[in-house]
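Read in order, the letters of the sequence shown correspond to residues 1 to 199 in UniProt numbering. The block underneath contains the structure these notes are about, expressed in structure tokens.
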Amino acid sequence: MHQIYGLGEAKINKFGIDILNVCGNAAENQSGQTGNEEPLFTPQTEREQQLQQKLETWRAEQAAAKQCALGKVLSNISLTDLVVFTPAEEADLLGIYGIGSERIAQYGQAILDICRPYADGLSEPKQAERHLARRLFQWCLDTARYEGGEMHDVAKKQTLRAIAKARPQTLTALSKIEGVSGEWLDQYGEEIIEICTAD
1 MHQIYGLGEA
11 KINKFGIDIL
21 NVCGNAAENQ
31 SGQTGNEEPL
41 FTPQTEREQQ
51 LQQKLETWRA
61 EQAAAKQCAL
71 GKVLSNISLT
81 DLVVFTPAEE
91 ADLLGIYGIG
101 SERIAQYGQA
111 ILDICRPYAD
121 GLSEPKQAER
131 HLARRLFQWC
141 LDTARYEGGE
151 MHDVAKKQTL
161 RAIAKARPQT
171 LTALSKIEGV
181 SGEWLDQYGE
191 EIIEICTAD
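Set out below in structure tokens:
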């Protein structure tokens, strides 16, 4: 629990048992899912609707082939993020919530094959955000490899996504983004600003 963003020692001591109980109950309920759970996202455009349908169909086929719950292949949150963010390259998958290196290795190419035809349908601001996020996640992967660690040891997905959305141009602006600590800013801030101002 100590590695979960926002859970400090005090919160773990106060709420830890309750959190574990909720997670345990959710895991038990998920294992018996039939695939009829409520969607987390209602598509707003025809592009989103078509992409979501294709991803849901693919996920159902994978789950049936593996005889597992839909969430074991791809959670609703991940599916929603794929529709909204619509990855076009493998580096984009690094920024999708719930998709890590194992899922990328197992399903990455298939997911990209489904998403690529819809990737250009994002608005220009969303495409610019995705492009910056791609560079940030590639930097994070390269940095983690160089340091001999994992990507989440360098930066959390939600922090990098917030940076891509805010597009900070100064260290002061970067310091105001949630998840950016003084120590992290000292270690990586200049590199991040260089990436954000590269356009």
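Where a beta carbon is used, it is the ideal one built from N, C-alpha and C, also for glycine.
Asked                                                                                                                                                            : Found
Quick one: which unbroken alpha helix (DSSP H) runs of 4-plus residues sit fully inside the stretch 153-191? Chain order, please.                                : 157-166 and 171-175
Leaving out the 5 sequence neighbours to the left and right, which residues in its chain are closer than 7 Å to Y97 when beta-carbon positions are compared?     : I77, S78, D81 and K157
Can you tell me the Cβ-Cβ gap for I193 and T170, rounded? I've got them flagged as a contact below 8 Å.                                                          : 7 Å
Could you tell me the distance, in whole angstroms, from the CA atom of M151 to the CA atom of L136?                                                             : 11 Å
In this structure, does DSSP put P125 in helix, strand or coil?                                                                                                  : helix
Hey, would you say L160 sits closer than 9 Å to A133, going by beta carbons?                                                                                     : yes
Just the C-alpha distance for Q105 and L93, rounded to the nearest angstrom, thanks.                                                                             : One point to set straight first is that residue 105 is Ala, not Gln, in the sequence displayed. Their Cα atoms are separated by approximately 11 Å.
Can you give the beta carbon distance from L51 to T86, rounded, assuming they're within the 8 Å contact cut?                                                     : 7 Å
So, for A164: in the same chain, excluding its five sequence neighbours on each side, which residues have a beta-carbon less than 7 Å away from its beta-carbon? : E129, L132, A133 and L136
Taking the alpha-carbon positions, what's the T197 to E61 distance?                                                                                              : 42 Å
How should P125 be labelled, buried or exposed, when 16 other C-beta atoms within 10 angstroms of its C-beta is the threshold for buried?                        : exposed
Could you please give the first and the last residue of the uninterrupted alpha helix (DSSP H) stretch that includes F85?                                        : N76 to F85
When we look at the beta-carbon of N29 and count the other beta-carbons within 10 Å, is it buried (16 or more) or exposed?                                       : With a pLDDT of only 47 at N29, under the threshold of 50, the placement of this residue in the model should not be trusted, and no figure is reported.
Where does D113 fall in DSSP's three states?                                                                                                                     : helix
Report the CB separation of G108 from E90 in whole angstroms; it is logged as a contact under 8 Å.                                                               : 6 Å
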